[in-house]
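Read in order, the letters of the sequence shown are residues 1 to 107 in my numbering. Glycine included, each C-beta is placed from N, C-alpha and C at the ideal position.
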Amino acid sequence: MTKIAVDNNVVTLINVFTVRPEQQQLLVDLLVEATEAVMKYQPGYVSANIHKSLDGTRVTNYAQWRSREAFEAMLENPEAKVHMTEAARIAEKFEPYLYEVSFVDEA
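In structure tokens form, the structure reads like this:
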């Protein structure tokens, strides 16, 4: 389960994909399939959340991993590479970065 907190001790991947509107749902479906078939079985995986922009031009993956090392190990997994290569083919560009939570405010 995704928990956003300063003291959660995870790293967060935020990967923003730029897509043509007619490709948006295809990329969403691929990322969901990759998560359900491969990513969630990788050591250090915590959660994934796939978002699609209302204008159809972006898909964002907000994923949490136990550590940078766990995330980097996933990048070397052959099954994960297949899905990442396909996502890169569908997207016009993508911008993956790792983050740590710095501040949270809730109502």
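How many Å lie between residue i and residue j at the Cα?
| i | j | result |
| --- | --- | --- |
| Tyr45 | Arg89 | 24 Å |
| Ile50 | Thr12 | 13 Å |
So residue i is in the beta strand (DSSP E); what residue range does that whole segment cover?
| i | result |
| --- | --- |
| Thr12 | Val11 to Thr18 |
| Lys81 | Careful: Lys81 lies outside any beta strand (DSSP E), inside the alpha helix (DSSP H) at Pro78 to Ile90. |
| Leu98 | Lys93 to Tyr99 |
Please work out which residues of its chain come closer than 7 Å, Cβ to Cβ, to residue i, disregarding the five sequence neighbours upstream and downstream, and give them in chain order.
| i | result |
| --- | --- |
| Gln24 | Lys52, Gly56 and Val59 |
| Asn61 | Leu13, Asn15, Leu31, Ala48 and Ile50 |
By Cβ distance, which residues of its chain are closer than 6 Å to residue i, with the 5 residues on each side in sequence left out?
| i | result |
| --- | --- |
| Gln42 | Met74 |
In its own chain, which residues sit with a C-beta less than 8 Å from the C-beta of residue i, not counting the 5 before and 5 after it?
| i | result |
| --- | --- |
| Ser102 | Val6 |
In three-state DSSP terms, what is residue i?
| i | result |
| --- | --- |
| Val46 | strand |
| Ala63 | strand |
Mind checking which residues open and close the alpha helix (DSSP H) that includes residue i?
| i | result |
| --- | --- |
| Glu22 | No alpha helix (DSSP H) contains Glu22, which DSSP labels as neither H nor E. |
| Glu106 | Glu106 -> no alpha helix (DSSP H), and no H or E assigned at all. |
Could you tell me whether the segment 66-75 touches the segment 25-34, where touching means 3 or more Cβ pairs closer than 8 Å?
By the Cβ rule, the segment 66-75 does not count as touching the segment 25-34, because fewer than three pairs are nearer than 8 Å.
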